[in-house]
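**Student:** In this note's numbering, the protein residues as written are 71 to 232. Each residue gets a CB set at the ideal place from its N, CA and C atoms; glycine is no exception. Here you go, one structure.
Here's what the structure looks like:
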């Protein structure tokens with residue numbers, strides 16, 4: 071189980087990104103391989119969603135969020151606070167005004183069924199991950215106002231339907 075999990079993570083993010091000591095990616099990988107009570111194999115359909123959400127949690131100081139019920143527990147990720155699903159797939163992240171502080175990790179793009187991402191009213195910094203909008207083909211609603219996001223807004227946002 072751990073071998074397939076590590077292989078899937080390395081394919082998704084690259085070994086260089088995973089090996090940075092104390093990085094959100096490494097924390098998420100260790101959690102999903104050793105501490106996650108779901109014990110999903112790397113090939114399980116929900117594995118990458120749980121990993122992506124764990125990276126988001128660690129990238130934005132999850133322990134300091136105002137509301138984080140269920141996160142990083144054995145609960146199904148669809149039951150984590152602010153996560154909504156359809157047919158077991160993450161379709162919405164509603165984490166606005168929740169004291170998130172940090173960068174949006176590129177692993178959010180692993181949530182292939184994501185239709186709505188609400189991170190407004192937090193302290194999100196930096197730039198939007200490169201090619202995130204390309205990979206989130208089903209994303210229709212993106213709420214990022216009242217943050218500290220820098221750089222250019224990707225032109226792909228103009229192609230969103232909402």
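What do you get for residue 127, buried or exposed, if any count of 16 or more other CB atoms within 10 angstroms of its CB means buried?
**Tutor:** Buried, since its Cβ has 16 or more Cβ neighbours within 10 Å.
**Student:** Quick one: residues in its chain with C-beta nearer than 6 angstroms to the C-beta of residue 136, no 5 flanking neighbours on either side, listed in chain order?
**Tutor:** 168 and 169, listed in sequence order.
**Student:** Give me the Cβ distance between residue 150 and residue 158, rounded to the nearest whole Å; I'm assuming they're in contact under 8 angstroms.
**Tutor:** Rounded, the Cβ-Cβ distance is 13 angstroms, inconsistent with contact.
**Student:** Quick one: give me the first and last residue of the alpha helix (DSSP H) that residue 100 is part of.
**Tutor:** Start and end: 94 to 100.
**Student:** Rounded to a whole number of angstroms, what is the C-alpha to C-alpha distance between residue 113 and residue 119?
**Tutor:** Distance between the alpha carbons of residue 113 and residue 119: 12 angstroms.
**Student:** What do you get for residue 111, buried or exposed, if any count of 16 or more other CB atoms within 10 angstroms of its CB means buried?
**Tutor:** The residue is exposed, with fewer than 16 neighbouring Cβ atoms inside 10 Å.
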